[in-house]
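**Q** Sharing a structure, written as structure tokens. Questions coming.
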């Protein structure tokens with residue numbers, strides 16, 4: 001697994017990941033190779049698993065982590081879960097789909113990592129832990145996301161290859177403090193995204209009220225590959241240019257990996273204000289370019305600017321400009337007052353697989369020639 005991705009996962013669970021990984025590497029218990037991948041010897045991995053098993057040798061529901069298929073099925077089917085459980089993974093082939101009731105999670109109050117595939121959940125989703133940080137649910141059978149999900153602490157929602165057709169407005173309640181991601185099989189950008197257009201580039205003006213109220217921005221990318229492959233790639237990187245001041249950045253996410261598929265999917269990421277090394281100011285003209293590796297193609301992109309909920313409308317702050325077809329048009333960027341105004345999105349998390357290697361995510365000075373070339377075209 002990519003070291004920076006692992007750090008992001010662990011920090012999302014309130015661990016001091018950088019410090020602890022540095023201790024393990026100094027003692028040669030972990031290594032970091034030239035690809036920035038964390039490596040662990042199989043014997044050390046097996047020792048860690050045995051330590052978890054010995055937490056409760058006869059009652060798996062009293063262990064902190066569950067990954068062995070038979071143990072997971074026994075605990076979930078017979079509702080033997082306890083508040084000790086912090087992580088569960090149950091990844092099944094399509095031919096072995098299982099049906100479970102959400103009551104199986106009712107006592108897992110400390111559950112923070114949930115990875116399931118080809119699992120049908122019925123019942124109220126209020127039973128899922130409020131502490132949930134990472135939800136990986138591939139091949140989800142639901143057509144609509146339940147409105148009673150606990151979203152307050154969710155950092156990643158990965159629902160690739162699912163049946164979901166529509167997201168709910170409460171998606172904007174996801175945490176505005178973290179870099180967060182969602183991946184869904186959707187091909188449309190919601191109407192409440194202030195700026196959106198076909199293709200991989202977009203430009204817009206920062207509203208005049210942006211100086212102190214700005215909390216970050218949410219990026220929505222609709223993409224597809226030219227063919228299906230059993231491969232995983234890093235998510236899109238984003239080159240952002242402040243055309244007013246001539247300053248460029250590149251944002252590279254760490255929180256997820258995406259699978260090669262010709263089915264259109266949406267990748268959504270909330271970028272907090274703290275990730276920007278240069279503060280945006282009202283009235284500045286911005287341009288952005290989405291970069292995806294082959295064989296992916298960006299179909300559409302959109303940006304939603306996130307502000308404090310107590311912001312009020314005025315003649316100077318109620319609208320801004322977005323360049324769509326070479327002409328500027330006024331777009332209302334304001335929304336009714338709300339508690340947390342962000343949208344989030346995706347990841348996959350597998351404690352024992354190393355086939356997904358997302359890269360570092362931070363806003364960094366743009367050093368890529370291709371990105372600058374594309375941005376220069378936007379500036380014309």
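Residue numbers (full-length UniProt numbering): 1 to 380.
Glycine is no exception: its CB is placed at the ideal position from the N, C-alpha and C atoms.
Nothing here was measured: the structure is a model prediction, and the numbers come from that model.
1. Quick test of your reading: residue 62 and residue 89, contact by CB under 8 Å. State the CB separation rounded to the nearest angstrom.
2. Under the DSSP definition of a beta bridge, which residues are partnered with residue 183?
3. Mind checking which residues open and close the beta strand (DSSP E) that includes residue 224?
4. Which value, in whole angstroms, describes the spacing of the CA atoms of residue 187 and residue 299?
5. Is the beta carbon of residue 139 closer than 8 Å to that of residue 419?
6. For the alpha helix (DSSP H) holding residue 48, just list the boundary residues, first then last.
7. Determine the direct distance from the alpha carbon of residue 106 to that of residue 60, and round the result to whole angstroms.
8. Three or more C-beta pairs under 8 Å: does that hold for the stretch 241-249 against the stretch 258-274?
9. Alpha carbons only, please: which of 289, 297, 272 is nearest the one belonging to residue 305?
10. Exposed or buried, which one is residue 32 when buried takes at least 16 other CB atoms within 10 Å?
11. In the DSSP assignment, what residue or residues form a beta bridge with residue 89?
12. Grouping DSSP H, G and I as helix and E and B as strand, with all else coil, what is residue 104?
13. So is residue 4 buried or exposed if we call it buried at 16+ other beta carbons inside 10 Å?
14. Since residue 77 is in the beta strand (DSSP E), which residue starts that stretch and which ends it?
15. Just the Cα atoms here: how many angstroms apart are residue 86 and residue 296?
16. Could you check if residue 143 is buried or exposed, using at least 16 other CB atoms within 10 Å of its CB as the buried criterion?
17. So, with DSSP's three-state summary, where would you put residue 15?
18. Report all residues from its chain with a CB closer than 7 Å to the CB of residue 121; omit the five preceding and five following residues, and keep chain order.
19. Drop a sphere of 10 angstroms on the beta-carbon of residue 218, count the other beta-carbons inside from all chains shown, and report buried for 16 or more, exposed for fewer.
20. Within the same chain, show all residues whose beta-carbon is closer than 7 Å to that of residue 125, passing over the 5 residues directly before and after it, in chain order.
21. How would you label residue 41, buried or exposed, when you count the other beta carbons within 10 angstroms and need 16 or more for buried?
22. How is the beta strand (DSSP E) around residue 287 delimited, first residue to last?
23. Got a sec? Which residues, its chain only, sit under 7 Å from residue 141 by beta carbon, not counting five neighbours each side?
24. Quick check on DSSP: helix, strand or coil for residue 20?
25. Would residue 253 pass as a contact of residue 290 if the rule is Cβ separation under 8 Å?
26. In three-state DSSP terms, what is residue 127?
**A** This is what the structure holds:
1. Contact flag wrong, Cβ pair sits at about 17 Å.
2. 158, 267
3. 214-225
4. Here the alpha carbons of residue 299 and residue 187 stand approximately 9 Å from one another.
5. Because residue 419 is not part of the residues shown, which for the chain are 1 to 380, the question remains open.
6. 42-53
7. 16 Å
8. Contact between the stretch 241-249 and the stretch 258-274 is absent, because fewer than three Cβ pairs lie under 8 Å.
9. 272
10. Residue 32 comes out exposed.
11. Answer is 115.
12. helix
13. buried
14. Counting along the chain, residue 77 falls outside any beta strand (DSSP E), though it belongs to the alpha helix (DSSP H) covering 69-77.
15. 35 Å
16. exposed
17. Three-state result, residue 15: coil.
18. Cβ within range, chain order: 100, 102.
19. The Cβ neighbour count for residue 218, taken over all protein chains shown within 10 Å, is at least 16; the residue is labelled buried.
20. 102, 146, 148, 149
21. exposed
22. 285-291
23. 120, 163
24. helix
25. no
26. helix
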